[in-house]
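The opening residue of the sequence shown carries number 590 in the numbering used here; numbering runs sequentially from there. Structure, as structure tokens:
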Amino acid sequence: MSELFLAGLVGALLAAETTSLAFPLVNRVAMAVRAVDYPGGRRLQREAIPRMGGIAIAAGIAAGAVVPTLMLWQQWVERATSPQSSFLVLGTAMVFLIGLVDDVIGLSCFQRFLIQVVAAGGAVYAGWSFGRLYVPLWGEVDLGFWGGLFTVVWIVGVTNAINLLDGLDGLAGGVAAIIATSLLVFAWIQGNALTVILMSAIVGACLGFLRHNWAPAKIYMGDSGSLTLGFLLAVMSLHASMKGAAAVAILVPILALGLPVIDTLLVMAVRFVEEPQGSLLRRFARMFQADRNHVHHLMGRAAPGRRQIVLVIYSVAACFCAMALVVAVSRSAALGAALVVVEVLVVFLMRNLGVRREAQAVSLKQRRQVREGYFGRA
């Protein structure tokens, strides 16, 4: 276990330094190819920012995962070259490249979705899959063939949930680091070396990136970064669920990833309900269209302190991850199911608070405009 701790520490430091040092080069490349985010859309920034930070993140993760495995701990080389690990690398490369292409020239939602499904399908083929599902008041259900389909939905869903979280300076990177830390601790409890090394690399890469992404951001991770982080977190959370006691191991990653996943599901539900007159197909398609109605968007429009909003969301994500670890230690499936309900309520209340404060801010602005117009005429 001491070797495992040292491997994780070395990986995190290598990842952080590699990601941070790659920033100047990545920044120049992004500006050269005009991969720049302008104010508007889902972004809340006020100036143009380069968006190819995913290259630095990917380089950091690679350094933090590969170097300790190949150079320092030879007994793990066989695990690193197993079919599961090979498909993990291949799937991550596919998702990273499609994100990079999207950062540079732009791709349709369908094109990105198709590649993500292929990458997720490859992971399932290699054995990364939910074999069982815990249903409250029912118990464990053997998914059989449906386990593969559920796994594809999980991987694609988490990948996009992290991507959609990337709307405020430092938000996606910080939340990803918090989630990766919780999965790291869970893997440490299980003695899961592969997950410990990879999550350590992700934590280090995210922290190295936050040095340049914290408000005011100098660079964004782009789809190449957010999709890569989302894919790795989704697949490695599966690895955690495959290694532990069935019911608890399934609930732990769900709890740890609760903030981005629940927020995305609630947004999709709102999109579906908002078009009651449209056809079922149109309403279904609307669920997958990007907008500015995620919890960080609502809170960002309702309050001026962007850094404070990010810190609040960090705190909520950390609490959710702490809940996951409590369930992991207690091994109580009933507690885990109850905490999932708590997380849903918390995210719902955060969104509702954001909507109410935004409405109050709009009302106050309108009253001020009316008052200024009245006195202006006088």
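Backbone N, C-alpha and C fix where the C-beta goes; we use that ideal spot for every residue, glycine too.
Asked	Found
Inter-stretch contact (C-beta, 8 Å, three-pair minimum) for the stretch 701 to 709 and the stretch 839 to 847	no
Nearest candidate by alpha-carbon position, reference Met-825, set Val-841, Gly-814 and Met-810	Val-841
For Gly-695 and Leu-869, the rounded distance between their alpha carbons	28 Å
Own chain, CB closer than 7 Å to Gly-736, minus 5 neighbours either side, in chain order	Ser-718, Phe-719 and Gly-720
Reduced DSSP secondary structure (H/G/I, E/B, other) of Asp-755	coil
Whether Val-741 touches Ala-709 by CB criterion (8 Å)	yes
Contact under 8 Å by Cβ, Ala-794 with Gly-653	yes
Continuous alpha helix (DSSP H) stretch holding Asn-882: start and end	Neither: Asn-882 is in no alpha helix (DSSP H) and is coded neither H nor E.
Ile-808 in three-state terms, based on DSSP	coil
The stretch 777 to 784 / the stretch 799 to 817 touching (three or more Cβ pairs under 8 Å)	no
Alpha-carbon spacing of Ala-604 relative to Leu-796, whole angstroms	9 Å
Collapsed DSSP secondary structure at Ile-694 in the structure displayed	coil
When His-801, Gly-925, Phe-739 and Ala-611 are compared against Ala-823, the one with the closest alpha-carbon	Phe-739
Beta-carbon spacing of Gly-711, Gly-756 below 8 Å	no
C-alpha distance - Ser-674 paired with Leu-942, whole-angstrom precision	43 Å
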